[in-house]
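**Student:** So the protein lines, in turn, are chains P and H.
With the numbering used here as the guide, the letters of the first sequence map in order to residues 1066 to 1780.
With the numbering used here as the guide, the letters of the second sequence map in order to residues 1167 to 1297.
This structure is in structure tokens; I'll ask about it shortly.
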Amino acid sequence: MDHKLELKQLKQFSYERKPIERGYNNRTLYVNVSDQEIKEKPVTEEMKEKFVGGKGFGMKLLWDGTRPDTKWNDPENEIIISPGPVAGITQYPGSGKSLVVSISPATDLPIDSNVGGYFGPYVKFSGFDALEVQGKADREVIVYIDGNEGSVSIDQIAVDTDDAHLISEILTEHYAKDEDDKRNISVVSSGSAAKNSYMGVLNFSFYDPRRQVPRMKQAGRGGIGTVLADKNIKALVVRFAGTKGDLNNSYDYDKVARTGLKLHREIERLDDSLFRMRQVGTANITDTMDKYDLLPVMNFQYGSHEDAKKVYANEFRDNYLTQGFPDGCWYGCSLACAKTADNFELLTGPYKGHKVTVDGPEYENVAGLGANLGIFDPQYVLEANFYCDTYGIDTISFATATAFAMECYERGLINQEHTGGLELKFGNKDAALELLHQMSRNEGIGVQVGRGVRRMKEYFAKEFGADPVLMQDIGMEIKGLEYSEYMPKESLAQQGGYAMANKGPQHDEAWLIFMDMVNNQIPTFADKAEALHYFPIFRTWFGLAGFCKLPWNDIFPENNKYQEEAHKIPEHVQNYVNLFSAVTGKEIDMKELILQSERVYNFQRTFNVRRGYGRRKDDMPPYRSLGPVTKEEYESRAERYDGQLKELFDVDPATMSVSEKIKMMREHREKQYDTLADAVYKRRGWSADGVPTVEHLQEIGMDLPEVLAVAEENQ
Amino acid sequence: MKRLVKDEKVCIECHRCEETCAHAYFKTADIGKARLQVERNRQGEIDITICTQCGKCIQACPVLAISRNPKNGVVYVDKNKCVGCFICVAACPLNAMMRHKDELEPFKCIACGLCTEQCPTQAITLQEVEE
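Following this line, the structure appears as structure tokens:
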């Protein structure tokens, strides 16, 4: 099939190609699709000092490019993709991440979403530390960067589909000079449902030479794909031929390579006996989560299910996932968690009967699309995963929003008349898939589900008279973003990790549930509060430098358990310190690493404040995330809850009604969350209302006048 | 297929094999760049690292830069395709895929046999071995 399409170049911009200097190009690329302005912007020493790169650069450019009241669909909203100074090294596993930043349609806040695939590193090798896209095109356009030619263009091409797996394939074919050149192309696109929902993703492609197909990773959270569609951008495409081992021109390349090789060997030695990332990817933890009662089942009501075994990791490994392939999403990732099901035959939708390559399932997709909807069917999980990706829908938000709609249906808050005949019961996989297809076609109740939990709560109350109080308790969103797929009900640390996250309840900032509930590494209240300071800050750093978090804690050396702070995995932290220093030539230590992060973390919080949020009220979780809302939930864990009440209040649960017990438990848990928030805000250097204090901002060096002014005005 | 075969018992550690190899492929006297290595292991015994052309590295390479020549069975690294990730180095069960601090790509024995011609004791020989 010949995919060379007719192309009309609307605008072209040439730039001088220069080698990267110790991880930095010292310039970013700005493209405005409204007036077709294309230009370079300098990266100053101050910008590197205060923001490092990646998400830091994204947040800084977004702050400068928008007003405090810019809405997600205003032309001045931006999408910034930035890979970070270390990104692009090919020796250390997980070193190709890009951070994408925009004002989110879901939260009205700056969102950040990290993603693999080749786009970020190729943009960097093409000469830019970030790509900043602004404006809204009057017709559908493609932004194309050719890193070998030193050319950026705004192109018009008639691509006859809105679905990402086809867009990636067609544009890879179009922009590649020949078969061999396909690996040098990366396409960023959303999908047909992205523009009809507030949960659109960006699909980042990377060409798989073995399968001879572009595969995709997603910048999933917060609806950035919706913003791309709103800007009338069909795709962002980069071409860069010539990837080699040290295009970063590292200060100490040998140290980079040695550190990488050390981790490769650790993975080769230990992965099969630890998390089996290379066999089953992140879905390895489905089994553990179920066994520890932490798997979200039926809209986070329960933490395990007797049928969950049907979607355990080995079911996918044995029946679907191709084994033994080097499935990294950037070169050099020997942890290789990007598993795929090849020749997967679809059973529904417009591609019914097609045999496709499906990436995944990630744990989130098994837990969300599967368990949280009460569907324990691996074939369905993969099919829903495929359609989410190609339609450009965030699997996590889709899953949590659908789980909410299903519970509303089961509890009679909405009925079949409201759903247009769809029987939205837990376990109904046909209904779940139909919701997705509706989102793509922009019709039916699927459109409401695609707006997310917060909007559904308003809509169901207003249009269908559904009980707003109950919906507030069971709707798993904070700040407008849907919860990711961990059951935080019994983990105080994870409750805080979700609720006090800057962008909304996504686990990447504070995935504490495993160390809290499985490994029992942060047992006391003080431990948890400290963890809620350290880990969000530490984990932010990955997105500044250009790293993936998984090779930090989804593999660890044999002697880790003997280390003083084993849960921090000290040897791997030292690897990161070494890599940053070796690439940039700026010697940092652990303390400086945390400080780098703390600056950006507090900047982002202040950015929230600048937009009228970032207060304690914005960090309030729905009660479902803290404890049992309903009788059924209480009874499913009666022994645990009764025991706690007895111990805490010296009462005899046998003499109390379930609703009395729920009430007593709720008062306790809400108070406990409040106490935690007090401790965490204080530890983070924030006011009791959650606003960073001027003194703290000055102390950590986030002392830009415009940032201090916002903090001062809002104390 | 042709490949190196070693007999550590007769090795006298003259390192001529390494010198020959490093000179042939990297034009250097630095034997760290030889595609085979003669060292002492932790027990103090002579340990010759050679590639058996087993091909485990082929599957480990993300960019298909490593392949087996169908004619002679030898496994080659295509430096032009290689992105220098060194996953193959860790994947090699014999440590026969080499890395040197000055090189962006890994390198390995391609069974040319130059070293065997210099070996005074036949500690390494080039032999036809059944796959």
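Even for Gly, the Cβ is constructed at its ideal location relative to N, Cα and C.
Nothing here was measured: the structure is a model prediction, and the numbers come from that model.
Would you kindly work out how many angstroms separate the C-alpha atoms of SER1233/H and CYS1223/H, rounded to a whole number?
**Tutor:** When rounded, the distance between both Cα atoms is 9 Å.
**Student:** Name the DSSP beta bridge partners of MET1264/H, please?
**Tutor:** MET1264/H is bridged to PHE1273/H.
**Student:** List the DSSP bridge partners of GLY1562/P.
**Tutor:** Paired residue(s): none; GLY1562/P is not in a bridge.
**Student:** Under 8 Å by Cβ, that's how I've got PRO1228/H and PRO1391/P pegged, so tell me the actual separation to the nearest angstrom.
**Tutor:** The pair is a contact, with the Cβ atoms about 4 Å apart (cut-off 8 Å).
**Student:** Quick one: residues in its chain with C-beta nearer than 7 Å to the C-beta of GLU1777/P, no 5 flanking neighbours on either side, listed in chain order?
**Tutor:** Closer than 7 Å at the Cβ level, and outside the excluded window around GLU1777/P, lie VAL1759.
**Student:** Can you tell me whether ASN1585/P is buried or exposed, with buried defined as 16 or more other CB within 10 angstroms of its CB?
**Tutor:** It is exposed - the Cβ of ASN1585/P has fewer than 16 other Cβ atoms within 10 Å.
**Student:** Could you check how far apart the C-beta atoms of THR1465/P and MET1565/P are, in whole angstroms? I think they sit under 8 Å.
**Tutor:** Going by Cβ atoms, the distance from THR1465/P to MET1565/P rounds to 18 Å, so no, they are not a contact pair.
**Student:** If I measure Cβ to Cβ from THR1186/H and keep anything under 7 Å in the same chain, skipping five residues before and after, which residues do I get?
**Tutor:** Cβ within range, chain order: LEU1280, CYS1281 and GLN1284.
**Student:** Expressed to the nearest angstrom, what Euclidean distance is found between the alpha-carbon atoms of ARG1476/P and GLU1448/P?
**Tutor:** Rounded to the nearest angstrom, the two C-alpha atoms are 28 Å apart.
**Student:** Who pairs with ASN1179/P in a beta bridge, going by DSSP?
**Tutor:** Answer is LEU1164/P, bridged to ASN1179/P.
**Student:** Apart from the five residues just before and just after LYS1272/P, which ones in its own chain have a Cβ nearer than 7 Å to its Cβ?
**Tutor:** For the record, residue 1272/P in the displayed sequence is Tyr; it is not Lys. These residues qualify, in order along the chain: THR1237, LYS1247, ARG1248, ILE1250 and PRO1279.
**Student:** Please confirm if the stretch 1279-1299 of chain P is in contact with the stretch 1612-1620 of chain P, defined as three or more CB-CB distances below 8 Å between the two stretches.
**Tutor:** Not touching, per the Cβ criterion.
**Student:** Tell whether a beta-carbon distance below 7 Å holds between VAL1518/P and GLY1435/P.
**Tutor:** No, these two residues do not count as a Cβ contact at 7 Å.
**Student:** Which residues in chain P sit within 8 Å of LEU1230/H, going by Cβ to Cβ distance?
**Tutor:** Here the neighbours are PRO1274 and ARG1275.
**Student:** Between the C-alpha atoms of ALA1401/P and ARG1343/P, what's the straight-line distance to the nearest angstrom?
**Tutor:** Taking the straight line from one Cα to the other gives about 5 Å.
**Student:** According to DSSP, is TRP1751/P part of a helix, a strand, or is it coil?
**Tutor:** Note: TRP1751/P maps to strand in three-state DSSP.
**Student:** Which full runs of the alpha helix (DSSP H) of 4+ residues lie inside the stretch 1213-1264 of chain P, going along the chain?
**Tutor:** Runs of the alpha helix (DSSP H) inside the stretch 1213-1264 of chain P: 1229-1240.
**Student:** Do GLN1709/P and ASN1567/P have their CB atoms nearer than 7 Å?
**Tutor:** It is not a contact, given that the beta carbons lie outside the stated cut-off.
**Student:** Mind checking whether the beta-carbon of GLN1669/P lies closer than 6 Å to any heavy atom of the ligand ADP?
**Tutor:** In the structure on display, the ligand ADP does not appear, and there are no ligands present to speak of.
**Student:** Can you give me the Cβ contacts of GLY1679/P inside the same chain, cut-off strictly under 6 Å, excluding the 5 residues immediately before and after it?
**Tutor:** If we look at GLY1679/P and ignore the five residues flanking it on each side, its Cβ neighbours are ARG1670 and ASN1673.
**Student:** Can you find a CB in chain P that lies within less than 7 Å of the CB of CYS1251/H?
**Tutor:** Yes, its Cβ sits closer than 7 Å to a Cβ of chain P.
**Student:** With distances taken Cα to Cα, identify the nearest neighbour of GLY1611/P among GLY1159/P, ASN1297/P, ALA1306/P and LYS1076/P.
**Tutor:** It is GLY1159/P.
**Student:** Measuring only the C-alpha atoms, how far is PHE1305/P from ASN1213/P?
**Tutor:** Computed Cα separation, rounded: 6 Å.
**Student:** Can we say the stretch 1424-1441 of chain P touches the stretch 1519-1529 of chain P, given the rule of at least three CB pairs closer than 8 Å?
**Tutor:** Counting Cβ pairs under 8 Å, fewer than three are found: no touch.
**Student:** For LYS1309/P and chain H, any beta-carbon pair shorter than 7 Å?
**Tutor:** Yes, LYS1309/P lies at the interface with chain H (some Cβ there is under 7 Å from its Cβ).
**Student:** I'd like the list of long-range same chain contacts for LEU1741/P, defined as Cβ closer than 8 Å, with 5 residues on each side in sequence excluded.
**Tutor:** Cβ within range, chain order: LEU1557, GLN1560, GLY1561, PHE1590, LYS1593, ALA1594 and LEU1597.
**Student:** For chain H, find out if any of its Cβ atoms is closer than 7 Å to the Cβ of ASP1129/P; answer yes or no.
**Tutor:** No, its Cβ sits nowhere closer than 7 Å to a Cβ of chain H.
**Student:** Could you tell me the distance, in whole angstroms, from the CA atom of LYS1626/P to the CA atom of GLU1331/P?
**Tutor:** LYS1626/P and GLU1331/P: Cα-Cα distance of roughly 15 Å.
**Student:** Going by beta carbon distance, what residues of the same chain come within less than 6 Å of LEU1126/P, once the five residues before and after it are set aside?
**Tutor:** Here the set comprises ILE1145 and GLU1197.
**Student:** On a CA-only basis, which of GLN1780/P, LEU1773/P, MET1767/P and ASP1177/P is nearest GLU1111/P? Give me that one, please.
**Tutor:** Comparing Cα-Cα distances from GLU1111/P to each of GLN1780/P, LEU1773/P, MET1767/P and ASP1177/P, the minimum goes to MET1767/P.
**Student:** What does CYS1227/H reach in chain P if we use C-beta pairs closer than 9 Å?
**Tutor:** Ordered by position in chain P, the residues that pass the 9 Å Cβ test against CYS1227/H are PRO1391.
**Student:** Would you list, in chain order, the members of the stretch 1233-1265 of chain H that have their beta-carbon closer than 7 Å to a beta-carbon of chain P?
**Tutor:** For the stretch 1233-1265 of chain H, which is checked against every Cβ of chain P, the residues closer than 7 Å are VAL1249, GLY1250, CYS1251, PHE1252, ILE1253, VAL1255, ALA1256, ALA1257 and ARG1265.
**Student:** Give the list of continuous alpha helix (DSSP H) stretches no shorter than 4 residues that lie fully inside the stretch 1294-1374 of chain P.
**Tutor:** Segments of the alpha helix (DSSP H) lying fully in the stretch 1294-1374 of chain P: 1318-1335, 1342-1345 and 1350-1356.
**Student:** Whose Cβ in chain B lies nearer than 7 Å to the Cβ of ALA1647/P?
**Tutor:** Of the chains in the structure shown, none is chain B; the protein chains are P and H.
**Student:** Any residues in the stretch 1324-1338 of chain P with a beta carbon nearer than 8 Å to a beta carbon of chain H? Which ones, in chain order?
**Tutor:** The residues in question are GLY1325, LEU1326, HIS1329, ARG1330, ILE1332 and GLU1333.
**Student:** Contact check, ALA1403/P vs CYS1394/P under 8 Å by CB: the rounded distance?
**Tutor:** Sure, about 5 Å apart at Cβ, within 8 Å.
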